[in-house]
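Those letters in the sequence shown? Residues 23 to 295, per our numbering, in order. This report concerns only the one structure given below.
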Amino acid sequence: MEVGIVARKGNPEAASVAAGIRDAVRDAGEAVWIDEETASDLDVEGRPVGALDDCDLAVAVGGDGTFLFVARNAGDTPILGVNLGEVGFLNAVPPAAAQEAVLTAVEGFRDGSMAVREVPRLAARADGWESVPAANEIVVQGGRRGPGGGVDYELRVDGSPYASGHADGVLVATPTGSTAYNLSERGPLVHPDVAGLIVNEMAPEEGMAPLVVDVDATVTVSVSDPDGAVVVSDGRNARELDEPVEVTIERTSPPMRIAGPESDFFEALKKLS
23 MEVGIVARKG NPEAASVAAG IRDAVRDAGE AVWIDEETAS DLDVEGRPVG
73 ALDDCDLAVA VGGDGTFLFV ARNAGDTPIL GVNLGEVGFL NAVPPAAAQE
123 AVLTAVEGFR DGSMAVREVP RLAARADGWE SVPAANEIVV QGGRRGPGGG
173 VDYELRVDGS PYASGHADGV LVATPTGSTA YNLSERGPLV HPDVAGLIVN
223 EMAPEEGMAP LVVDVDATVT VSVSDPDGAV VVSDGRNARE LDEPVEVTIE
273 RTSPPMRIAG PESDFFEALK KLS
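So this is what it looks like as structure tokens:
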């Protein structure tokens, strides 16, 4: 078995927790490494995060942002999150229990009983281009927001018209992402066990209410502005699409795979207030 560990950048506590996990896995007789940046802080040799794709388990030490960073590089490798953040929807394990949780996952891998659950990821496609998979949300927006900005659009779900007009943009979120950008745009909270996607217009001039659709629905955003649109995946990897364009947003493979204990959704919600 091979375990890869990535810690929040520039955080001494995260580096210390990562080092303790590394030593525990090594003592258990399994191969383990730490990402290059954390390893440099510990004065040991590390590996690039792209190597997570070839691991049997990835460990993210930090907040949900660290978890999503690991997810962008881990492919279908299961990810176990150690929470050093404030909320922790994805990172369920406290630092004091990190070594035990990872060793439990290692033992589960050995006997085929490692607890892993899958959550959907999204991709946007347009004119032969495909976005980086998103665990939280895909946003289709104008080059800038606010007065004088935004986009003219038509929004369809499985081919049926739902909304059209002018807005800062359109956001399509997974249940995982319902607590993030979607929530800040007055979208609904969606329990992680719900097999759905959230379609949310961002500051529309008129618009419809946010809509929860089937997880396998196809959402199409047709932008008529001559300046085109910008597509953003999980707040990163912005792609400018020139001229009027049709962007299709759907569930993609592989899903994000989460190992270890599950966080208490309602307990985490209390930390948002």
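Cβ atoms here follow ideal geometry from the backbone N, Cα and C, with glycine treated the same way. Everything numeric in this text was worked out from a predicted model, so none of it was measured.
Proximity to residue i [Cα-Cα], best of the options
i, options, result
"residue 93", "105, 74 and 107", "74"
"residue 176", "169, 153, 167 and 188", "188"
"residue 240", "272, 41 and 160", "272"
"residue 106", "29, 200 and 203", "29"
"residue 31", "284, 85 and 279", "85"
One or two residues paired with residue i in a DSSP bridge
i, result
"residue 188", "174"
"residue 258", "255"
"residue 222", "193"
"residue 103", "82"
"residue 26", "55 and 80"
Supposed close pair residue i, residue j - CB separation, criterion 8 Å
i, j, result
"residue 209", "residue 162", "Not really, about 15 Å apart at Cβ, beyond 8 Å."
"residue 262", "residue 252", "5 Å"
"residue 82", "residue 104", "7 Å"
"residue 211", "residue 201", "6 Å"
"residue 174", "residue 245", "7 Å"
Cβ neighbour criterion (16 or more within 10 Å) applied to residue i
i, result
"residue 248", "exposed"
"residue 143", "buried"
"residue 217", "exposed"
"residue 37", "buried"
"residue 258", "exposed"
"residue 256", "buried"
"residue 159", "buried"
"residue 63", "buried"
"residue 286", "exposed"
"residue 296", "This structure does not reach residue 296, given that the chain is present from 23 up to 295, and the question cannot be answered."
"residue 341", "It is not possible to answer for residue 341, since the shown part of the chain is limited to 23 through 295."
Alpha carbon of residue i to alpha carbon of residue j, nearest angstrom
i, j, result
"residue 264", "residue 167", "17 Å"
"residue 179", "residue 222", "12 Å"
"residue 52", "residue 25", "8 Å"
"residue 236", "residue 219", "6 Å"
"residue 169", "residue 224", "13 Å"
"residue 182", "residue 243", "12 Å"
"residue 266", "residue 102", "41 Å"
"residue 130", "residue 90", "23 Å"
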